[in-house]
Structure formats: C-alpha cells, structure tokens
Amino acid sequence: MLKDSHTIDMCNGSLPKKMLLFAFPLILSSLLQLTFNAVDLVVVGQFVDDSAVGAVGSTGALINLIVNLFMGLSVGTNVLTARFVGSGREEDASETVHTSIVISIISGIFLAFVGVIFARPMLILMGSPDGVLGQATLYLRIYFLGMPIMMLYNFGSAVLRAIGDTRRPLYYLTASGIVNVLMNLFFVIVLKRGVDGVAWGTVISQALAAFLILRNLYRSKHCCRLIPSKLRISASKLKGIAQIGIPAGIQGCIFSASNVLIQSSVNSFGKEAISGSAAAANIEGFVYVSMNAFHHTVLSFTGQNYGAGRYDRVRKTLFWGLLYVALVGGVLGNLVVLFRVPLLNLYISGEEALSFGFTRIVMINTLYFLCGTMDVAVGSLRGMGFSLVPMFVSLAGVCGFRVAWIFTYFSAHRSLSVLFVSYPISWAATFTVHMLVYFLWARRTRLSARSVQVP
C-alpha cells in the first residue's frame, strides 16, 4: 500500500507518540462537530426560546437509538479494513471498502424512511410534552432526510481511520462546520425559521463533509481507493463486517434504549428539566467525544497490529489508551463541573432549567473518565475481533443495571440526582468486568496464538 504524509504506520515506531498523533485530530474533529452541533441549541436558545432548546436536545437519545445499529457496521468496517491493511491483504481491504460504501447507502435510505414515518409516534412513546412535541417532530424528520449522506460520511471516515488518516477528516469537518454555522444563522435570523432551520443547516453541512470524504477516497492512491465500478457487496466481507459490527450496533442500540428510558424519566419532571438536561448533555458531549477519540484510536491500532501479528503492541495499545483516556476524561470532566454556571448560561436562562442542568453536570462529569476507560477496554476487545462478549457484558453492566435502577431505587426516591448517579455506577462495574474478560482471555492465549487468522 502506498503511504502518504497523512497516514500513520500503526505497526512500527513509538506507540504512545503515534497514538497521540492519531487521536489528536480525532479529538479536534469531534470537538468541532459538537461545537457546530451546539450552535443548533445556542441559536434556537438565543433567537427562539428555551422550549426550542428542549425540542432539539430531547431528540438526541432517540436519534442514537435508531442509527446505532448501522453505526455499529461502520465499526466493523474500521476493524476489518485495519486488519487487512495490517496483514498486507490489499485486495481484501479494497473489497471491504466498496462493500461498506454500498452498505452505507442502503442503510441511510432505510433510516430516512423510518425516521420520517415514525418520528412523532416514537417521541410520543418517550413521553415528550406537548410543548416540545411538534417542534421535536419537525426537527427529527428533517434530520433523518439527510441520513443517507450522514451514513456515507461516517463509513468513509471509518475507512480513513483504518489506514491511519485522521487529519483530512478534520479539515473536511472544519469546512462543513463553518457552513453549518452560516446556514443556522441564515435560516433562523434571516429567514426567521426555528428548529427546521437548524435541521436543514445540519443536513447541508453534512452533505459537504460526505462529498469531501468520498472525493478523497476516489482520488487516493492506496489500496482503499474508491472505484465506482467496484461498488458491490462481497458476501465474505459483509459477513466479516457483520460479525464485528452487528454486536457493536446492538450494544449501541440498547445503550441508547436505556438512555431513552432515562430521557423519558427526565421528561416526567417537565419542560424545565428537559431544557436543563438537554443543555447539560450537550456540554458533557464535549468531554465524551474527547474520550471517545481514544476508543477509536485503540480500535484502529489494535486492528492493524492484530492483523500484523504484533501482539506485544496490542497489549501496549490498551495500556496507553487507558492512561490517556483517564487523564483526558478526568481533567475535562471536572473542568466542566468547575465552569458549569457560565457554560449553561450559553444555552438557557431560566433559573429552574439551570438548576436541573447543574444537577446533571455534577452527577455525571465528576467521574466521567470511567465511561472512557470502559469504552477503551471495549475497543481493544473489538479490535481483535471479539465483539459478542463485550456486547453481553455492556448490556448487563450498563443497560440492565440502569433499567433495574429506574424501576427500583429511582421509583422509590424520585429525583434527578438519583436518576443520574446510575451512570457512574454502571461505568465502574462494566469496566471492571471488561478488564477481567481481557486478562482471562490474554492469559489463556498469551496474545501469541499464531493460529488466529483474519477472516
């Protein structure tokens, strides 16, 4: 495979340095994306009203619930492509890329139909109050109309991460984000639109990002080059992607289902709680994506080194990933707690909504690094192709616990503090079990079983 200045050789050289070089553009990309997404909430909060903030913010859990299964397939794309690249199987890597692009188009069209048709019934099932239901439905339907291009962007980005390129997606996202901000301001201030304006701004900006990613793949010289005549589904590559991606997607869906249940519980406290929680969730998203960059870093580095038979680097990748994510999550999470007042004032102004937002920030962000360590452990296992075990562990440790918590302790002691404390407890328990699984597996195989083959 031809190398260029934008890709990173994951199988040789200093791991801690290269992991940082890989993760840093991912962090910037994710922060930029969230910053531009936050503009949706800030613009409607400043130029519309707090109920519009609740309408936009309350759709996040539902969007994640619907799209996570297919986003899991992009994880399968990342891992399988990285392993083929690491093992030097360039034709297999190419088939994986073209299969993935076709999958992204099909899944995007499917999601568009589901989102447009079932937006309102799903929001009603979540218990969305009448005050935000109409606006939330409108936002959700427009958002899902753009799902085909969003899927293309995410699958294309997964391919670039697999070959060690996180810099160009950063450039593309920067251009896309600037367009997003301009479109939001144009639709809301000039055209006097509400949540529909910020939704169209998001779709238009994502279209630009998807175009730039696809153009990059089309013009590239490496084995993952996109050649339109090769766009077809390879049964063997689809199977490999599905074996890794479907458990990841199911895990994401059920995670989101538990979050939808939590959102429904938040909804039961009224409009002010919805607005406060939505604003706080948007702020904590900046911490999450910074940590999640190390999940993707561990996923890609593990995939390539496992494919290349560099099992010593697989172990070291997990160690450095855990160290980095704990530092980043601990520092950023507690900075959010420290500056929670000015941060929340950017989104909302009502005293009651601010009080609800303060509660969420303190309960979740103080120990948010535990979520990052949990995700990095999952990334290591999944990068080696072990996707079912972390799925079952995560479902029991996170989703099962949260559901049980809501119907038992929270039901008896109804408050947002009691509701949100379920997050750090579930992260700590699940991370512990993931690490036990990793060490038991590593002890059994000693990470040196040469019989393990890339599918």
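Last residue of the sequence shown: 1138 (our numbering), numbering continuous.
All C-beta atoms in this analysis are idealised placements derived from N, C-alpha and C, irrespective of residue type, glycine included.
Inset, instruction - State the start and end residues of the unbroken alpha helix (DSSP H) segment that holds Ala991. - result: Indexing the sequence shown from 1 puts residue 991 at position 308. Counting along the chain, Ala991 falls outside any alpha helix (DSSP H), and DSSP gives it neither H nor E.
Inset, instruction - State the DSSP-derived secondary structure class of Asn695, mapped to helix, strand or coil. - result: Position 12 of the sequence shown, counted from the first residue, corresponds to residue 695. Coil at Asn695, not helix or strand.
Legend entry - Range of the contiguous alpha helix (DSSP H) that encloses Ile887: For the purposes of this step, residue 887 is identified with residue 204 of the sequence shown, where counting begins at 1. Boundaries of the alpha helix (DSSP H) harbouring Ile887: Val878 to Arg902, taken from the DSSP string.
Legend entry - Met1067 (DSSP reduced to helix, strand or coil): Taking the sequence shown and counting its residues from 1, the one referred to as residue 1067 is at position 384. Three-state DSSP puts Met1067 in coil, outside helix and strand.
Inset, instruction - Would you mind giving the Cβ-Cβ distance between Ser983 and Arg844, rounded to the nearest angstrom? I have them listed as a contact below 8 Å. - result: Position 300 of the sequence shown, counted from the start, is the residue given in the question as residue 983. Position 161 of the sequence shown, counted from the start, is the residue given in the question as residue 844. Indeed, because the Cβ distance is near 5 Å, the residues count as touching under 8 Å.
Inset, instruction - Alpha carbon to alpha carbon, how far is Phe1052 from Gly1012? Give it in angstroms, no decimals. - result: Working through the sequence shown from its first residue, we reach residue 1012 at position 329. Working through the sequence shown from its first residue, we reach residue 1052 at position 369. Taking the straight line joining both Cα atoms gives about 4 Å.
Legend entry - Local Cβ density within 10 Å of Gly696, reported as buried at 16 or more and exposed below that: Within the sequence shown, numbered from 1, the residue matching residue 696 stands at position 13. Within a 10 Å sphere around the beta-carbon of Gly696 sit fewer than 16 other beta-carbons, which makes this residue exposed.
Legend entry - Three or more C-beta pairs below 8 Å linking the stretch 1021-1034 and the stretch 1081-1090: These segments do not touch.
Inset, instruction - Compare the C-alpha of Met1067 against each of Leu1050, Phe1002 and Asn988 and name the closest. - result: Working through the sequence shown from its first residue, we reach residue 1067 at position 384. Of the candidates Leu1050, Phe1002 and Asn988, the residue whose Cα lies closest to the Cα of Met1067 is Asn988.
Legend entry - Rounded C-alpha distance that separates Thr1113 from Met1057: Along the sequence shown, read from residue 1 onward, the residue named residue 1113 stands at position 430. Along the sequence shown, read from residue 1 onward, the residue named residue 1057 stands at position 374. Distance between the alpha carbons of Thr1113 and Met1057: 7 Å.
Inset, instruction - Taking 8 Å as the threshold, find out whether the stretch 770-784 comes into contact with the stretch 948-962 through three or more Cβ pairs. - result: no
Inset, instruction - Could you pull out every residue in the same chain whose Cβ sits closer than 6 Å to the Cβ of Leu763, ignoring the five residues on either side in sequence? - result: Here residue 763 corresponds to residue number 80 of the sequence shown, with the count starting at 1. Once the five neighbours on either side are set aside, the close Cβ partners of Leu763 are Thr779, Gly923 and Ile924.
Inset, instruction - Classify Leu685 as buried or exposed, calling it buried when 16 or more other Cβ atoms lie within 10 Å of its own Cβ. - result: Taking the sequence shown and counting its residues from 1, the one referred to as residue 685 is at position 2. Summary for Leu685: the model assigns pLDDT 44, below 50, so the residue's position carries little reliability; its value from the coordinates is reported in the next sentence. Leu685 is exposed by the Cβ-count criterion.
Inset, instruction - Please say whether Val1059 and Val1120 have beta carbons closer to each other than 9 Å? - result: Within the sequence shown, numbered from 1, the residue matching residue 1120 stands at position 437. Within the sequence shown, numbered from 1, the residue matching residue 1059 stands at position 376. No, Cβ-Cβ distance for Val1120 and Val1059 is not below 9 Å.
Inset, instruction - Measure the alpha-carbon distance for Lys954 versus Val815 and round it to whole angstroms. - result: Here residue 954 is taken as the residue at index 271 of the sequence shown, counted from 1. Here residue 815 is taken as the residue at index 132 of the sequence shown, counted from 1. Lys954 and Val815: Cα-Cα distance of roughly 8 Å.
Legend entry - Phe969 beta carbon less than 9 Å from that of Leu1015: Counting from 1 along the sequence shown, the entry for residue 1015 is found at position 332. Counting from 1 along the sequence shown, the entry for residue 969 is found at position 286. Yes, the Cβ-Cβ distance between Leu1015 and Phe969 is below 9 Å.
Legend entry - When Arg1097, Thr857, Cys1054 and Lys913 are compared against Ser712, the one with the closest alpha-carbon: Here residue 712 corresponds to residue number 29 of the sequence shown, with the count starting at 1. Closest by alpha carbon: Thr857.
Legend entry - Exposure of Thr1091, with buried meaning 16 or more beta-carbon neighbours within 10 Å: By 1-based counting over the sequence shown, the position of residue 1091 is 408. Exposed: under 16 other Cβ atoms inside 10 Å.
Inset, instruction - Name the two residues that bound the continuous alpha helix (DSSP H) containing Tyr836. - result: Numbered from 1 along the sequence shown, position 153 holds the residue referred to as residue 836. Per DSSP, Tyr836 belongs to the alpha helix (DSSP H) from Met830 to Ala845.
Legend entry - Assigned secondary structure, Cys936 (DSSP; H/G/I helix, E/B strand, else coil): Mapped onto the sequence shown, residue 936 falls at position 253. Residue state, collapsed to three classes: helix.
Legend entry - Three-state class that DSSP yields for Val1019 in the structure shown: For the purposes of this step, residue 1019 is taken as the residue at position 336 of the sequence shown. Three-state DSSP puts Val1019 in a helix.
Inset, instruction - Give the secondary structure of Cys907 by DSSP, where H, G and I count as helix, E and B as strand, and everything else as coil. - result: Here residue 907 refers to the residue found at position 224 when the sequence shown is read from its first residue. Coil, per DSSP.
Legend entry - 9 Å Cβ cutoff met for Val726 and Asn942: Along the sequence shown, one-based indexing puts residue 726 at 43. Along the sequence shown, one-based indexing puts residue 942 at 259. Going by C-beta atoms, Val726 is not nearer than 9 Å to Asn942.
Inset, instruction - Determine contact between the stretch 763-775 and the stretch 817-829, defined as no fewer than three beta-carbon pairs at a distance below 8 Å. - result: No: the two stretches stay apart, fewer than three of their Cβ pairs being nearer than 8 Å.
Inset, instruction - Could you tell me if Arg993 is buried or exposed, where buried requires 16 or more neighbouring beta carbons within 10 angstroms of its beta carbon? - result: Stepping through the sequence shown from its first residue, residue 993 is reached at position 310. With 16 or more other Cβ atoms within 10 Å, it is buried.
Inset, instruction - Return the residue from the list Trp883, Arg851, Ala802 and Cys694 that minimises the CA-CA distance to Met833. - result: Residue mapping note: residue 833 aligns to position 150 of the sequence shown, counting from 1. Minimum Cα distance to Met833 is reached at Trp883.
Inset, instruction - Give me the Cβ distance between Met1026 and Val1019, rounded to the nearest whole Å; I'm assuming they're in contact under 8 Å. - result: The count along the sequence shown starts at 1 and reaches residue 1026 at position 343. The count along the sequence shown starts at 1 and reaches residue 1019 at position 336. Sequence inspection shows Leu at residue 1026; the Met mentioned does not correspond to that position. At roughly 7 Å, the Cβ-Cβ gap stays under 8 Å, so Leu1026 and Val1019 are in contact.
Inset, instruction - Hey, could you find the ends of the alpha helix (DSSP H) Thr1042 is sitting in? - result: Within the sequence shown, residue 1042 is the residue found at index 359, counting from 1. Note, Thr1042: alpha helix (DSSP H), Glu1034 to Asn1048.
Inset, instruction - Classify Gly771 as helix, strand or coil using the three-state DSSP reduction. - result: Counting from one through the sequence shown, the residue named residue 771 turns up at place 88. Of the three classes helix, strand and coil, the one that applies to Gly771 here is coil, per DSSP.
Inset, instruction - Scan the stretch 1046-1121 and note each continuous alpha helix (DSSP H) run of 4 residues or more that stays entirely inside, going in chain order. - result: 1052-1066, 1071-1077, 1084-1088 and 1099-1103
Inset, instruction - Have a look at Ser787, Leu709, Ser1094 and Ala1125 and flag the residue whose alpha-carbon is nearest the alpha-carbon of Leu944. - result: Within the sequence shown, residue 944 is the residue found at index 261, counting from 1. The residue with the shortest Cα to Cα distance from Leu944 is Ser1094.
Inset, instruction - Can you tell me which of Thr718, Ile929, Val1024 and Met1118 puts its alpha carbon nearest to the alpha carbon of Leu1064? - result: Counting from 1 along the sequence shown, the entry for residue 1064 is found at position 381. If we check each option's Cα against that of Leu1064, Met1118 comes out closest.
Legend entry - Nearest neighbour of Gly880, chosen from Tyr855, Ile825 and Pro831 [CA to CA]: Position 197 of the sequence shown, counting from 1, holds the residue named residue 880. Nearest of Tyr855, Ile825 and Pro831 to Gly880, Cα basis: Ile825.
Inset, instruction - Quick one: grab the DSSP three-state call for Lys875. - result: As a position in the sequence shown, residue 875 is number 192, starting the count at 1. DSSP places Lys875 in coil when its eight states are reduced to three.
Inset, instruction - Output yes or no for whether 9 Å exceeds the beta carbon distance between Met693 and Trp1003. - result: Residue numbering aside, residue 693 sits at position 10 when the sequence shown is read from its first letter. Residue numbering aside, residue 1003 sits at position 320 when the sequence shown is read from its first letter. For Met693 and Trp1003, no; Cβs fall outside 9 Å.
Inset, instruction - Report the residue from Asn761, Met1074 and Ile788 whose alpha carbon sits nearest the alpha carbon of Ile916. - result: Here residue 916 refers to the residue found at position 233 when the sequence shown is read from its first residue. It is Ile788.
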